[in-house]
Amino acid sequence: MTFIAFIIGTAGSGKSFLTSALVEKMRQEKQKVAILNLDPGVVSLPYTPDIDIRDYVTVDGVMEKYGLGPNGALIMAADLIVNEIEHLKEEIEDLNPDILVADTPGQMELFAFRASGPFLVHTLSDDPKAIIYLFDSVFSYNPLNYVSNMFLSAAVHIRFLLPQIHVLSKCDLLSEKDLNVLMEWSESPEALESAIDERLKGTSRLLSRNISRAIQLLDLSFPLIPVSSKTNEGLIELNAMLERIFKGGEKITY
Ligand SMILES: Nc1nc2c(ncn2[C@@H]2O[C@H](COP(=O)(O)OP(=O)(O)OP(=O)(O)O)[C@@H](O)[C@H]2O)c(=O)[nH]1
Ligand SMILES: [Mg+2]
Numbered sequence: 000m001t002f003i004a005f006i007i008g009t010a011g012s013g014k015s016f017l018t019s020a021l022v023e024k025m026r027q028e029k030q031k032v033a034i035l036n037l038d039p040g041v042v043s044l045p046y047t048p049d050i051d052i053r054d055y056v057t058v059d060g061v062m063e064k065y066g067l068g069p070n071g072a073l074i075m076a077a078d079l080i081v082n083e084i085e086h087l088k089e090e091i092e093d094l095n096p097d098i099l100v101a102d103t104p105g106q107m108e109l110f111a112f113r114a115s116g117p118f119l120v121h122t123l124s125d126d127p128k129a130i131i132y133l134f135d136s137v138f139s140y141n142p143l144n145y146v147s148n149m150f151l152s153a154a155v156h157i158r159f160l161l162p163q164i165h166v167l168s169k170c171d172l173l174s175e176k177d178l179n180v181l182m183e184w185s186e187s188p189e190a191l192e193s194a195i196d197e198r199l200k201g202t203s204r205l206l207s208r209n210i211s212r213a214i215q216l217l218d219l220s221f222p223l224i225p226v227s228s229k230t231n232e233g234l235i236e237l238n239a240m241l242e243r244i245f246k247g248g249e250k251i252t253y
């Protein structure tokens, strides 16, 4: 049985660094974990992947082979990943880790909003899976951006329909006061609504309030776990949340 956690978030939200820090923490906790890189366009990574989609598809290779520009090649590479599922499955079976942490392509929409990403996620194995969705700290510190990110995270949830953990990434970049404000928004829809009323005006205020309410109504809001890949804050909590999803709270150690 290999549990798979897919790390998803907007470009630059800290997916690759979180993959690296989380896996290091899991290894310290004596968990048998492996890393899958699903980004065919990445040039350098802050970790050494155990399984790498670039062994099969690269954006540069697609540009050359099909005479495409960088954007066309990114899209095509995202779709071509699907042809490699059998190879990836074989590699996962050979390695047989208890947990596989999958880093996903920089451009979230290529993975989440085209057919190939959800297809890959659901075809890769029949074992339990979860999504770790990243809210970028600096981007989120504004009620309008925060609500936009809630909306995106709900859209990701609708695409994959898997248990989803919400992480506030790069939390070391926030002051304690600002971090507390964001945590309050994540825990209390009323606190978020007061911030929307205080800090936004006109159409932004109206739309933000209604989006926030719709997400509450659909039960698509989740608490945030503040995490930093620089200071390792929150990694224990994130790992515990994965254990709760995968094993009802039991430790995943060998
Ligand atoms: N301060 C701080 N910076 C971070 C943290 N995590 C990532 N970064 C920085 O944010 C930038 C982007 O991080 P990545 O992990 O590459 O983000 P990504 O989501 O994988 O980016 P793409 O795959 O290119 O979309 C890098 O310059 C990191 O150094 C963190 O926890 N704290
Ligand atoms: Mg990355």
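Terminal number for the sequence shown in numbering that gives the first Met the number 0: 253, no gaps in between. Yeah, the Cβ is synthetic: ideal placement off N, Cα and C, and Gly gets one too. As the structure is a computational prediction, the values presented were derived from the model and not from experiment.
Checklist entry - Can you tell me whether D51 is buried or exposed, with buried defined as 16 or more other CB within 10 angstroms of its CB? => result buried
Item to check | Residue environment, V256, which counts as buried when at least 16 other CB atoms sit within 10 Å | outcome: No information on residue 256 is available, as it lies outside the stretch 0 to 253 that the chain covers here.
Next on the checklist: Quick check on the burial criterion: 16 or more other C-beta atoms within 10 angstroms. Buried or exposed for I157?
Outcome noted: exposed
Checklist entry - For the region 154-201, which segments carrying the beta strand (DSSP E) assignment without a break, of at least 3 residues, lie completely within its bounds, in sequence order? => result 163-168
Checklist entry - Does ligand 2 have a heavy atom nearer than 8 Å to the CB of V226? => result no
Checklist entry - In whole angstroms, what is the alpha-carbon distance linking E192 and S139? => result 15 Å
Checklist entry - Can you list, in chain order, the residues of its chain whose CB lies under 6 Å from that of G266, leaving out five sequence neighbours each side? => result Residue coverage of the chain in this structure runs from 0 to 253, which leaves residue 266 outside it and unanswerable.
Item to check | Where the alpha helix (DSSP H) through V58 begins and ends | outcome: V58 to Y65
Next on the checklist: Tell me whether the region 140-153 and the region 195-213 touch, counting them as touching only if at least three CB pairs, one residue from each stretch, are closer than 8 Å.
Outcome noted: yes
Checklist entry - Do you know how far the Cα of F5 is from the Cα of G105? => result Distance between the alpha carbons of G105 and F5 is about 13 Å.
Next on the checklist: Closest to D196 by C-alpha separation, out of V146, E236, Q163 and V226, would be which residue?
Outcome noted: A check of alpha carbon separations from D196 across V146, E236, Q163 and V226 identifies V146 as the nearest.
Next on the checklist: Classify N179: buried if its beta carbon has 16 or more other beta carbons within 10 angstroms, exposed otherwise.
Outcome noted: exposed
Next on the checklist: Please give the ranges of any beta strand (DSSP E) in the region 200-251, keeping only runs that are unbroken, at least 3 residues long and fully inside the region.
Outcome noted: 223-225
Item to check | For Y132 and I164, the rounded distance between their alpha carbons | outcome: 6 Å
Next on the checklist: Rounding to the nearest angstrom, what Cα-Cα distance links A114 and D78 in this structure?
Outcome noted: 8 Å
Next on the checklist: Helix, strand or coil, according to DSSP, for N70 in the structure here?
Outcome noted: helix
Next on the checklist: Is any non-hydrogen atom of ligand 1 found closer than 8 Å to the C-beta of D171, if you look at the structure I gave you?
Outcome noted: yes
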